[in-house]
Structure formats: structure tokens, C-alpha cells
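In the UniProt record's numbering, the protein residues as written are 6 to 359.
These notes are about the structure you will find just below.
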Amino acid sequence: PLVLGIESSCDETGVGIVRGDELLANTVSSSMDEHVRFGGVIPEIASRAHLDAMIPTLRQALDEAGVTLEDIDALAVTSGPGLAGALMVGVCAAKALAVATGKPLYAINHLVAHVGVGVLDGGTLPQNLGALLVSGGHTEILRVKSLTDDVELLGATIDDAAGEAYDKVARILGLGYPGGPVIDRIAREGNPKAIRFPRGLSQPKYMGTAEQPGPHRYDWSFSGLKTAVARCVEGFEAAGQQVPVADIAASFQEAVVDVITAKAMLACTENGISNLLLGGGVAANSRLRALTEERCAAHGISLRVPPIRLCTDNGAMVAALGAQVVMAGGEPSGITFAPDSSMPVTSVHLPPVR
Ligand code: ATP
Ligand code: MG
Ligand code: FE
């Protein structure tokens, strides 16, 4: 099916068009420049930017794909999780298009779309797939039994997301915002072994009791690491020494990437998962990509990592998951659903409101 997807959960306005698992267009407009001076995304500014960008982005995507709205078989939109006001703009635009064209509308989970985008790079996803989702607001390991209706959470961060840790550490190091790309770049000039930062929660957590056996949880914690970086910087300053920014950035990044991949490997091997997808905006990180590849190879896990422009927020990922739901015979969501800023990852798409 020809599916048009709309994304507006944070600061990217995205419209993507796919035919099945073939990518036809992926237009993204970001309001990041407007948030830089505040050191974080300002929800109200993001919402207004979505309003300005929505129609031009839609037009450009249709042009790029060489199709018209009449050609489209179904519409898909991110209905959560994300910023409430930002989600509202995309959802309203999608509902308006659905009413105007009479096309079915599917309300899609943004996090699962970070996984579903994998079909655009290599076709149908393997059975018994693990998904390591590392993004601005989330760090999760999922078991995807069915991309369209059975996603299970095996573990998640108990405090900061990895992307947040990057942003906070970049601020501590005076590197500006957003922190991910700048730390990735500066870390290349530093020694990742210069400082041994703490690796939190290195063991899986047993969820059972003596009477009732249970599974493991594979959680992460990044707030201790952030504090350790702050203490480290203070130490150099108190001693009147120059802060070795590149070494700290590299050592911080090594600690983050080490714990993320180590826990993911444990989750896969203990659960018989032999295929892994790495997704989410932080999957743009060069060291995370490299170490995940290395460790998957060592554990006999086959890895799929979508290209960077499909890892950061975009509309094609929403269209891609929408197309999968359509092909699986999923019911359209109608036009009376509300955006859900804290939509759980286990809810792949919203059923119609009855
Ligand atoms: P979520 O998907 O959890 O709702 P989001 O949609 O805001 O969050 P994404 O767009 O998926 O997040 O990812 C954005 C995050 O990716 C930001 O925190 C950014 O700093 C981070 N990021 C981007 N490039 C890199 C990189 N090269 N290294 C590390 N982090 C990066
Ligand atoms: Mg973003
Ligand atoms: Fe995202």
C-alpha cells in the first residue's frame, strides 16, 4: 500500500511516503535552531514551528514521491509518546487530511516506528527480533514478536535516557546543545580509557522470588555517570588544571556505549534472540554503531542498523510502520482518538474509539 506518514512528536516536522517497504519520500523540517539558545526543546516553540512547517513539508514530500493525495491508500500519524502540543499539530493535520480525502488513518506509536523503519532498509524484519532503542527520551530493549501487535519491554533506563545524558554532559563540558553530535565528534580526539567512569546496573535484575521464578529485567541507569562527570570536571578545576574535555567526552561516551551494548547482549543471549535492530536518534552515534556491530558479531547476533537519516525522527518511519499495520489487516484508528504523550511502547497502534 501507498502510505503517507506524519511525525511531529518533538522538534522535527516529518512527512514520509512509502509503498510497502519501499521508501519514496522523506521530508524533514527541524526547529532545533530555535531551541539551541535555551539548551533544550521548548514545547511551545516546537508546536508553533510544526504549524508553520506542516503544509510545506507535506507538499514537498508529495512532490518528491511524485504522487498526489488521491493516490495515497492510507494515512499514518505519530499519536505518542512525545510533547503533547507538538503531537497535537501532527494529529490534527492527519485527521484533517483523513476527513478531506476519505482515506483511513492509523495512529502510530513513535517508539515502535523507530523499529518499524528497519523494513525500509532490507525488507521484512526477522522473527524473534530484539530492538535496542536509544533516543532522546528513551533507552529501551524490546522483544518484537510481531511488529504490528506484540512488542514486549525487556528493560529500560530507570532515570535519564542516553540522549539526555549526552545533553547534560555536553552542558557540563561547555559544549553546547544538542549534546549527542558534538560529543560524538569531540570524543574522536580524546582517549576513551583516560578516565574510568562508573558503569551503573551492570547485572540483570531477577524479577522472580524463591517461590515464584521470574524473568530478568535489563535496565540501565545514567544519572550516576552524569554526576561522576560533573565531579571529575570540578576536580580538575579545583586543582587549577585545564579540563581535558576531549578525554572526558571520549571516556563518558565509552561508559555509555559499553553499558548499553553489554545489557543488550545479555538480554539477547538470555532470551534466545538472534536478530537485533538498533534504532532511535542516538543510533546516529558512531561509537554506539561500531561497538554494537562488534559485540553482535562476537555473540552470533545478526544486526540491522538503519541509515542515520532514518534513525533520527522522520515521517518515513511512521509511514513504514503504518504500512506494516495496514498489510497485517490492522483496523484504522478513526478520527476521534487523542494524542497520548506517554503512550506505552507495548501499544503499537491505537484501535478505534468505540
Ligand atoms: P524519543 O524518540 O525518545 O521520543 P526524540 O524523538 O526526541 O526522543 P530522537 O530524534 O530519536 O529523539 O533522537 C534525538 C537524540 O539523539 C538527541 O538526544 C540527540 O542528542 C541524539 N543524537 C543525535 N545524534 C547523535 C550522535 N551522533 N551521538 C549521540 N547522540 C546523538
Ligand atoms: Mg529531535
Ligand atoms: Fe524519536
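The beta-carbon is built from N, C-alpha and C at its ideal position, and this holds for glycine as well.
Here the structure is a predicted model, which means the values were calculated and not measured.
Tell me whether residue i sits in a helix, a strand or coil according to DSSP, three-state version.
i	result
LYS231	helix
THR214	coil
LEU9	strand
ARG193	coil
ARG222	strand
ALA161	strand
Are residue i and residue j touching if we call contact CB-CB under 8 angstroms?
i	j	result
VAL262	LEU230	no
PRO61	ALA91	no
ASP189	ASN290	yes
ALA103	LEU80	yes
GLY168	ALA272	no
PRO197	SER256	yes
ILE163	SER207	no
GLY285	ILE11	no
ALA51	SER36	yes
ASP126	PRO312	yes
ILE253	ILE200	yes
SER140	VAL323	no
ALA54	VAL20	no
ASN133	ILE306	no
ALA70	ALA30	yes
TYR223	LYS268	yes
GLY195	VAL264	no
ALA333	THR153	yes
ALA166	GLN258	no
GLU145	HIS221	no
Who are the Cβ neighbours of residue i in its own chain at under 6 angstroms, not counting the five residues just before and after it?
i	result
GLU157	ARG148
LEU283	LEU137, THR297 and VAL310
VAL250	LEU178
TYR171	GLY184, GLY185 and ILE188
ARG176	none
THR341	VAL358
ARG300	THR266 and MET270
VAL72	none
ARG24	LEU7
So, for residue i: in the same chain, excluding its five sequence neighbours on each side, which residues have a beta-carbon less than 8 angstroms away from its beta-carbon?
i	result
PRO356	GLU336 and SER338
ALA233	PHE202 and PRO203
ALA89	PRO48, PRO344 and SER346
THR129	ASP26
SER14	THR83, GLY85, PRO86, GLY87, LEU88, ALA91, LEU92, GLY95, HIS115 and ASP318
ILE77	LEU7, VAL8, LEU9, ILE22, THR106 and LYS108
residue 1	No answer is possible for residue 1: the residues shown for the chain start at 6 and end at 359.
LEU180	VAL187, ILE188, ILE191, VAL250 and ALA254
Which residues in the same chain have their Cβ closer than 7 angstroms to the Cβ of residue i, if we skip the five residues on either side of it in sequence?
i	result
MET59	THR18, VAL94 and ALA98
HIS354	TYR111, ALA112, ILE113, ASN114, VAL330, GLY335 and SER338
LEU56	VAL94
VAL46	CYS15, ASP16 and HIS40
SER352	ASN114
GLY44	ARG176 and TYR182
LEU308	LEU281, LEU283, THR297, GLU298 and CYS301
ARG64	none
ALA235	ILE177
LEU315	VAL122, LEU125, ASP126, ALA321 and MET322
VAL174	GLY184, ILE188, LYS231, VAL234 and PHE257
If we cut at 8 angstroms on Cβ distances, does residue i have a partner in chain B?
i	result
GLN132	Considering every chain present, this structure includes no chain B. It has just one protein chain.
- Within the chosen definition, does the segment 318-334 reach the segment 113-129 through at least 3 CB pairs nearer than 8 angstroms? They touch, by the three-pair rule.
- Which residue spans inside the segment 90-157 form an unbroken alpha helix (DSSP H) run of at least 4? Runs found: 115-121.
- Ordered list of alpha helix (DSSP H) runs contained in the segment 262-329, each at least 4 residues: Correct list: 291-303 and 313-316.
- Which full runs of the alpha helix (DSSP H) of 4+ residues lie inside the segment 13-96, going along the chain? For the segment 13-96, the full-length alpha helix (DSSP H) segments reaching 4 residues or more read 37-40 and 48-70 along the chain.
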